[in-house]
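J.: The structure is given below, and queries will be raised subsequently.
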Amino acid sequence: MGEVRVEVLFFGRIADIAGARRMACEAETLLGLRDRVFPETPPGLRMSVNKVQVTGDVALNAGDEVAFFSVFSGG
Amino acid sequence: MIALLEQALNAAAAHGEFLAENGHFGAVASFTGVVRGEADYLYLDWYPGMTEASIQAIADAGVERFGLNAVTVLHRCGRVDAGEAIVFVAAASVHRRAALEAVDYLMDRLKSEAALWKREVADGVDRWVEPREDDALSLERWR
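For the protein sequence lines, the chains are A and B, in the order given.
Per our numbering: the first sequence = residues 1 to 75.
Per our numbering: the second sequence = residues 1001 to 1143.
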């Protein structure tokens, strides 16, 4: 399928590590995107695609909204 | 009903409304969380859409598990100052046990599973708040 352009959001401590709150990026899969964004995978990294939490790898579609975040701290 | 509030949460008013609407079932229980004075303020970061969905899922689970007649979860997001209410949970049922336990359950789940990221600002120092081990353990009792 090839690489697609996706919107990437960051929350929690992960946003500090990424140095951004949002960015556009291109990738083929979720883990491929993760590795492109983070030179080293931060411990405790959680991920979502289109607001649904995902563990493991999935193929991305153009226009998907991906989020990388830390463990919820609770309210 | 669930709501994520960027403005102040009036827990007393919320309780009054919930009681007026759902008191007729017979039993109403509630919990209010207030930001302690240890911090100047907390900042709750949230993911519009996903945070509400995470809270709704928890509320729905509470209704199903305890057979509630009504539930409300009102949660702040953004900046919450010391002394301000940060969360309000209420449950209505026919008999008291379900309402009382449901509020306890809902709070335990919210503390671990609501999609919120908390920063604490105290004496000018800004730091992310990690989840408490207590909160993870609290979830275990509901398994």
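From the three backbone atoms N, C-alpha and C, an ideal C-beta is built for every residue, glycine too.
(1) If we define contact as Cβ-Cβ less than 8 Å, is A1102 of chain B a contact residue for chain A?
(2) For M75 of chain A, return the contacting residues in chain B, with the cut-off set at a CB-CB distance below 8 Å.
(3) Taking M1107 of chain B as part of the alpha helix (DSSP H), name the residues at either end of that continuous run.
(4) Between which two residues does the alpha helix (DSSP H) harbouring L1137 of chain B extend?
(5) Distance cutoff 8 Å, beta carbons only. Does G1049 of chain B sit that close to anything in chain A?
(6) Can you confirm whether V1129 of chain B, when its beta carbon is compared against all beta carbons of chain A, has any partner nearer than 8 Å?
(7) Taking Cβ positions, are A1092 of chain B and A1099 of chain B nearer each other than 8 Å?
(8) Have a look at H1015 of chain B and V1063 of chain B and give me their C-alpha separation to the nearest angstrom.
(9) For A1059 of chain B and chain A, any beta-carbon pair shorter than 8 Å?
(10) Span of the alpha helix (DSSP H) holding G32 of chain A?
(11) Taking one C-beta from the region 1043–1052 of chain B and one from the region 1102–1110 of chain B each time, how about it: are there three or more such pairs within less than 8 Å?
(12) Quick one: residues in its chain with C-beta nearer than 8 Å to the C-beta of E1101 of chain B, no 5 flanking neighbours on either side, listed in chain order?
T.: In brief:
(1) Here residue 1102 of chain B corresponds to residue number 102 of the second sequence, with the count starting at 1. Among the CB atoms of chain A, none fall inside 8 Å of the CB of A1102 of chain B.
(2) Counting from 1 along the first sequence, the entry for residue 75 of chain A is found at position 75. It is Gly, not Met, that sits at residue 75 of chain A in the sequence shown. At a C-beta separation below 8 Å, G75 of chain A has these neighbours in chain B: G1033, L1044, H1075, R1076, I1086, V1087, L1110, K1111, A1114, L1116, K1118.
(3) Stepping through the second sequence from its first residue, residue 1107 of chain B is reached at position 107. If you look at M1107 of chain B, you'll find it in the alpha helix (DSSP H) that goes 1096–1113.
(4) Locating residue 1137 of chain B in the second sequence gives position 137, where the first residue counts as 1. Note, L1137 of chain B: alpha helix (DSSP H), 1133–1140.
(5) As a working note, residue 1049 of chain B is residue 49 in the second sequence. Contact with chain A is found for G1049 of chain B, since one of that chain's Cβ atoms lies less than 8 Å from the residue's Cβ.
(6) The residue labelled residue 1129 of chain B in the question sits at position 129 within the second sequence. So yes, V1129 of chain B belongs to the interface.
(7) As a working mapping, residue 1092 of chain B is identified with position 92 in the second sequence. As a working mapping, residue 1099 of chain B is identified with position 99 in the second sequence. For A1092 of chain B and A1099 of chain B, yes; Cβs fall inside 8 Å.
(8) In the second sequence, residue 1015 of chain B corresponds to position 15, counting from 1. In the second sequence, residue 1063 of chain B corresponds to position 63, counting from 1. For H1015 of chain B and V1063 of chain B, the distance between alpha carbons rounds to 18 Å.
(9) For the purposes of this step, residue 1059 of chain B is taken as the residue at position 59 of the second sequence. Chain A, which has no Cβ nearer than 8 Å to the Cβ of A1059 of chain B, makes this no.
(10) In the first sequence, the residue the question calls residue 32 of chain A occupies position 32. Element bounds for G32 of chain A: 30–37.
(11) Too few Cβ pairs lie closer than 8 Å, so no.
(12) In the second sequence, the residue the question calls residue 1101 of chain B occupies position 101. Within the same chain, E1101 of chain B has close Cβ partners F1066.
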